[in-house]
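Chains as they are written, first to last, in our numbering: chain A, 202 to 630; chain B, -1 to 322.
Have a look at this one:
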């Protein structure tokens, strides 16, 4: 493996509080050194990256890769490629596959597919309950042994407070977070979008903000009760952000993520019954979008996660009520982050990299999110000022279900390295 | 004269302008007379093919559309969801494309999902008429309600109309709110709070919590059908209490300081949302609504097929000689 010297870029590494012009040297797939005026080793590839940002590869703790079960929509391999194209070097695959990833063999299958994929590293998340049915705990110990980094019943909120309590307690034995989709199913039943003026006008059933917030509050209280690490997925309401701020002030072991669509769009995107704007939790109101941006700025919300949810074209081409929830996100996340959070949301680029790499890696205990000497060279090179137009036909994902088609975004992924190997290069595919 | 046109589809009253709504109501006037003839037929839509695509049970709306189509001399086909390929899992767009491949001109659709008519209209070339989509809109019902009110009160502008009952799940309520407010009526809603959308005030309507207050305020009451399943789903405790607290009864109407016009889109639950004495009473125009329904639908179909409003009288008049 040829050494690579990335010369003269703006190196941003929140794990070391680095933000300045420096060179990054990759040798034998690892970060050899970060500093100025590094010499070029024999036979090294020398790349001038001046004007570009060099950062630890992005980490997404929440993606749906659909394998096994819906390989027509995505596979581990296609998802890993899409991730790399989006600047991600580590992603965590949710267990709502078919069959459900709720045992060590199923976790092992994801690990095997991930090893064969060329792109981002893919880490499996196991189910909390057998079959994600919310009845009895899945075998966390064996799943962790097989490679699971967290457990979640994502898509099927854990309705029973008792089950959530025992899950949080049991997960402590293995040092893994419980990632929870917060939704009171009795309150959100039959809902297809945010309960508000747009739903009233469109005649669509609403999902009130309280359906999420009730479970956010419950989960914070249960993490206090148990000491277990609760990670709250895709927070969408201002009330949730307030509750998490309150929970953190009380010292609860809580972390939380927000998606690019929740910090970029409001429920008005559902106008015209656009099924590409149908997601769960639903797009909310402007005040919620602003609260999510603020939460990401002040760290109440720890991480950006995409909730990448590929669906086959035909599945979304139907009545709003019948279309599935979800949007793809891996290939637009960084552009939306730079456009909506850095250019207009008050985050520094370093804070964005922190929320998209360093912090999520730390939360899920992944060997990522840093450019420290000696670690695997998972690196992204980004041109933060380059503008591009979202064209779903050019996605590496198998699916195209995005509400951002035609948007102009700032921040183009130039090159992605995983373990020192180039897994994506702009214009090379 | 440049009259406004309706465009390709009639999906709801929200997207229509005041002028477009006025146009349909005005065009309905000459068509009323057709149904009063011995031979109830004009050649206006001769040679046009219309499919009535009903994914939800409906008696009066489907029959009303069918009469309107037949009295305009269109060829009609009724497709009910039961027994069609929809039951075999075919999706809506495939069903519609197959119908269109048979070279039809219009689709009149009733569907349980909000937005289904918009979805269809974006995907086929034929005109689409929304005969009710989920809890979204039911434009021809609101138009016939408005025509009936106008017939009796002589105007819509400045009138106080209260829609009573389950607003949350009512497409009739939504279409009436859009249509009436655009034509300058004052609109209120009244019903149990559990059946009023939280954001209803943002649609520019007044909210009355008690039926007595609504009756005191209104010139017109449009009383909605209360679906039995709302009780089963826990929105209200019982039909009995609904009648006692929210029912439109003769006693309540007699206490009002003026006479109130009573509408109901049907089918009625006598003794639940409306008392029989009110439904059959002197101020009820419920059957006139049904009569007007045919005229409004004739007008809508005529305008969508490209008919010019100023020629409506002539278009039907052409047959008068042979028909009379």
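Backbone N, C-alpha and C fix where the C-beta goes; we use that ideal spot for every residue, glycine too.
Taking the alpha-carbon of residue i as reference, which of the options has the nearest alpha-carbon?
i: residue 281 (chain A); options: A:320, A:622, A:343, A:403; result: A:320
i: residue 217 (chain A); options: A:205, A:329, A:257; result: A:257
i: residue 187 (chain B); options: B:234, B:141, B:171; result: B:171
i: residue 279 (chain A); options: A:529, A:558, A:583, A:499; result: A:529
i: residue 136 (chain B); options: B:152, B:174, B:126, B:102; result: B:174
i: residue 394 (chain A); options: A:485, A:236, A:624; result: A:485
i: residue 525 (chain A); options: A:251, A:236, A:510, A:276; result: A:510
i: residue 143 (chain B); options: B:121, B:178, B:115; result: B:178
i: residue 44 (chain B); options: B:67, B:195, B:259; result: B:67
i: residue 49 (chain B); options: B:63, B:41, B:58, B:57; result: B:63
i: residue 238 (chain B); options: B:271, B:223, B:263; result: B:271
Closer than 8 Å, CB to CB, is residue i near chain A or not?
i: residue 57 (chain B); result: no
i: residue 220 (chain B); result: no
i: residue 201 (chain B); result: yes
i: residue 135 (chain B); result: yes
i: residue 197 (chain B); result: yes
i: residue 12 (chain B); result: yes
i: residue 307 (chain B); result: no
i: residue 117 (chain B); result: yes
i: residue 81 (chain B); result: Summary for residue 81 (chain B): the model assigns pLDDT 48, below 50, so the residue's position carries little reliability; its value from the coordinates is reported in the next sentence. No, no contact with chain A.
i: residue 114 (chain B); result: yes
i: residue 91 (chain B); result: yes
i: residue 177 (chain B); result: no
i: residue 111 (chain B); result: yes
i: residue 152 (chain B); result: no
i: residue 172 (chain B); result: yes
i: residue 123 (chain B); result: no
For residue i, which residues does DSSP report across the bridge?
i: residue 294 (chain A); result: A:264, A:325
i: residue 268 (chain B); result: B:272
i: residue 211 (chain A); result: A:222, A:254
i: residue 618 (chain A); result: A:580, A:623
i: residue 459 (chain A); result: A:505
i: residue 289 (chain B); result: Bridge partners of residue 289 (chain B): none, in fact.
i: residue 231 (chain B); result: The partner list for residue 231 (chain B) (beta bridge, DSSP) is empty, contrary to what the question assumes.
i: residue 249 (chain A); result: A:208
i: residue 380 (chain A); result: A:353, A:432
i: residue 313 (chain A); result: For residue 313 (chain A), which the question treats as bridged, DSSP gives no partner whatsoever.
Give me, in chain order, the residues of the same chain whose beta-carbon lies closer than 6 Å to that of residue i; leave out the 5 immediate sequence neighbours on both sides.
i: residue 439 (chain A); result: 488, 489, 492
i: residue 561 (chain A); result: 260, 262, 504
i: residue 331 (chain A); result: 303, 337, 339
Where does residue i sit, in a helix, a strand or coil, going by DSSP?
i: residue 589 (chain A); result: strand
i: residue 125 (chain B); result: strand
i: residue 68 (chain B); result: helix
i: residue 28 (chain B); result: helix
i: residue 570 (chain A); result: coil
i: residue 184 (chain B); result: strand
i: residue 451 (chain A); result: coil
i: residue 233 (chain A); result: strand
i: residue 50 (chain B); result: strand
i: residue 210 (chain B); result: helix
i: residue 602 (chain A); result: coil
i: residue 499 (chain A); result: helix
i: residue 517 (chain A); result: helix
i: residue 240 (chain A); result: coil
i: residue 257 (chain B); result: coil
i: residue 151 (chain B); result: helix
Tell me which same chain residues have a C-beta within less than 7 Å of the C-beta of residue i, skipping the five on either side of it?
i: residue 273 (chain B); result: 245, 246, 247, 248
i: residue 15 (chain B); result: 2
Closer than 8 Å, CB to CB, is residue i near chain B or not?
i: residue 431 (chain A); result: no
i: residue 397 (chain A); result: yes
i: residue 452 (chain A); result: no
i: residue 446 (chain A); result: no
i: residue 401 (chain A); result: yes
i: residue 404 (chain A); result: yes
i: residue 521 (chain A); result: yes
i: residue 474 (chain A); result: yes
i: residue 518 (chain A); result: yes
i: residue 214 (chain A); result: no
Below 8 Å CB to CB, which residues in the same chain sit around residue i once its five sequence neighbours on both sides are set aside?
i: residue 622 (chain A); result: 202, 230
i: residue 342 (chain A); result: 374, 375
Can you determine whether any heavy atom of the ligand ZN sits closer than 7 Å to the C-beta of residue i, and answer yes or no?
i: residue 224 (chain A); result: Although the ligand ZN was asked about, the structure shown includes no ligands whatsoever.
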